[in-house]
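Encoded as structure tokens, the structure appears first; notes follow it.
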Amino acid sequence: MNGRFLRTTAPTPDRAQCRAADAGELVRVRSGVFLDSSCWEGLDARWRHIALVTAALERLQPHVVTSHASAAALWGFPVLDSWPAIVHVIDRSRSVGQRSSTLVRHPGQGALRDDDVARRHGLRCTSATRTAVDVALLDGFLSGLLCFDHGLRRGLFSHEEVEAALMRRGSARGIRAARQALAIAGPGSGSAGESISKGVAFELGFPLAEQQKSFPNPWGGEYFVDFWWEDFGIVGEFDGDQKYLDEAMRSGRTIEQVMLDEKRRADDILARPEVRNLVRWKYAAARNPRVLSRILHGSGLTQRR
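Quick note on our numbering: the sequence shown kicks off at 8 and runs consecutively.
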């Protein structure tokens with residue numbers, strides 16, 4: 008996504024553009040900014056939000072920097088459930104915030120260091136570290152954990168860099184939850200679902216698991232599991248749909264073949280003497296603490312408190 012796909016007009020679009028929008032040829036991204044329908048239809052939810060960001064920055068001054076969830080979209084951080092319909096920015100000219108139906112201006116007067124600002128996909132935004140910290144402070148523990156896990160896995164920042172950034176925020180609102188998220192963050196989560204599962208299980212009082220534990224594959228190579236609770240002999244697997252639905256991940260296999268391969272994998276892991284049980288759950292369970300608690304308890308796992 009970049010500006011060449013957008014058609015910017017005066018604040019009031021002309022009749023031809025209105026007719027094209029009514030006919031489905033153009034999509035009105037925001038007032039006075041349109042995108043070709045064919046391009047819009049090819050965008051996933053994250054890139055549609057980036058289109059909103061691009062449209063918003065078309066009419067904002069250079070001292071305004073994309074931030075929070077909107078900067079998270081630019082950096083490729085995962086989001087909890089869905090991308091917002093509103094764009095977040097930090098306005099370095101403001102000492103107080105301002106909110107409209109389409110834009111949140113966070114105050115940034117004297118609040119941004121030089122290394123807090125970057126460019127991503129050609130757009131002004133907060134750095135990866137600053138973005139993750141801002142999301143954690145504003146949106147809470149789980150959202151922060153998603154960003155921290157992703158950034159650590161992708162090498163966007165180090166644990167020490169995030170810790171230093173949190174130190175600079177002092178006693179800001181949300182700092183306790185952000186610190187807690189960083190305390191359990193690491194590069195082991197291979198997906199947003201795994202990060203959410205780890206965070207919800209932690210909040211429920213279950214012990215932290217080793218992530219990406221390897222077990223020998225009797226057919227050659229190794230199996231890596233999402234969660235391994237060694238003291239309990241329990242393997243936990245976040246069962247995402249992508250492995251079944253994404254053709255690239257199936258590597259030419261049918262869905263039925265993938266399911267059979269998964270069953271053989273589970274049987275091989277359960278055959279290990281140190282493994283007492285293997286339990287799976289879906290995204291809906293990870294997002295429902297009561298359901299996830301029941302699943303983990305049912306597997307034989309007990310809470311630490």
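Even for Gly, the Cβ is constructed at its ideal location relative to N, Cα and C.
Can you name the residues that DSSP bridges to residue i?
i, result
"I97", "V72, H113"
"D43", "L33"
"V286", "G243"
"A125", "C132"
"R106", "V111"
Considering only residues of the same chain and omitting the five flanking positions on each side of residue i, which have a CB-CB separation below 8 Å?
i, result
"Q191", "A small correction: the amino acid at residue 191 is Ile; Gln does not occupy that position in the sequence shown. Here the set comprises L152, K205, G206, F209, L215."
"F155", "A139, A143, V169, A188, L189, A192"
"D194", "Residue identity differs from the one stated: residue 194 is Pro in this sequence, not Asp. Result list for P194: D156, L159, R160, in chain order."
"R112", "V71, V96, I97, D98, R101, G104, Q105, R106"
"P296", "V207, E210, L211"
"F148", "A184, A185, Q187, A188, G206, E210"
Do you know offhand how far residue i's Cα is from residue j's?
i, j, result
"N284", "F234", "12 Å"
"A92", "A292", "25 Å"
"T309", "V60", "45 Å"
"I241", "V286", "8 Å"
"L211", "R311", "9 Å"
"T280", "W236", "The sequence shown places Pro at residue 280, rather than the Thr named in the question. Roughly 14 Å separates the two Cα atoms."
"Q105", "D146", "18 Å"
"K220", "V71", "44 Å"
"R272", "L130", "44 Å"
"R137", "I302", "36 Å"
"A17", "E65", "Below a pLDDT of 50, predicted positions are generally treated as unreliable, and A17, at 47, falls in that range; the measurement from the model is reported next regardless. Whole-angstrom Cα-Cα distance: 12 Å."
"P5", "A118", "The shown model of the chain, from 8 to 312, leaves out residue 5, and the question about it has no answer."
"L171", "A185", "The sequence shown places Ala at residue 171, not Leu. Their Cα atoms are separated by approximately 12 Å."
"R176", "G243", "36 Å"
"R11", "S108", "Note that R11 scores 43 on pLDDT, short of 50, meaning its location in the model is unreliable and no value can be drawn from it."
"D173", "R183", "Per the sequence shown, residue 173 should be read as Leu rather than Asp. Roughly 10 Å separates the two Cα atoms."
"A78", "C132", "6 Å"
"Q264", "L67", "52 Å"
"H56", "D275", "43 Å"
"E217", "S196", "10 Å"
"T73", "D253", "31 Å"
"R294", "R26", "42 Å"
So is the beta-carbon of residue i under 8 Å away from any non-hydrogen atom of the ligand HEM?
i, result
"A135", "The ligand HEM is absent from the structure shown, which contains no ligand whatsoever."
Once the 5 residues before and after residue i are set aside, which same chain residues still bring their CB inside 7 Å of it?
i, result
"R127", "L81, W82"
"G305", "none"
"L277", "L285"
"M256", "Q249, K250"
"A135", "W82, G158, L163, F164"
"D122", "S134"
"A62", "L13, V36, R37, V40"
Rounded to the nearest angstrom, how far is the Cβ of residue i from that of residue j, given a contact under 8 Å?
i, j, result
"L110", "V86", "About 18 Å; that fails the 8 Å criterion."
"S320", "G247", "Outside the shown range of the chain, which is 8 to 312, sits residue 320, and nothing can be said about it."
"A125", "S89", "Going by Cβ atoms, the distance from A125 to S89 rounds to 25 Å, so no, they are not a contact pair."
"Y230", "F239", "Their Cβ separation, rounded to whole angstroms, is 18 Å, which puts Y230 and F239 out of contact at 8 Å."
"W54", "V34", "Not really, about 13 Å apart at Cβ, beyond 8 Å."
Once the 5 residues before and after residue i are set aside, which same chain residues still bring their CB inside 6 Å of it?
i, result
"Y290", "G200"
"N9", "Only weak support exists for where N9 lies, its pLDDT of 48 falling under 50; the coordinates are left without a value."
"S300", "L211"
"S150", "L87, V142"
"V298", "A292"
Fully enclosed by the segment 203–252, which beta strand (DSSP E) runs are 3 residues long or longer? 217–223, 229–236, 241–245
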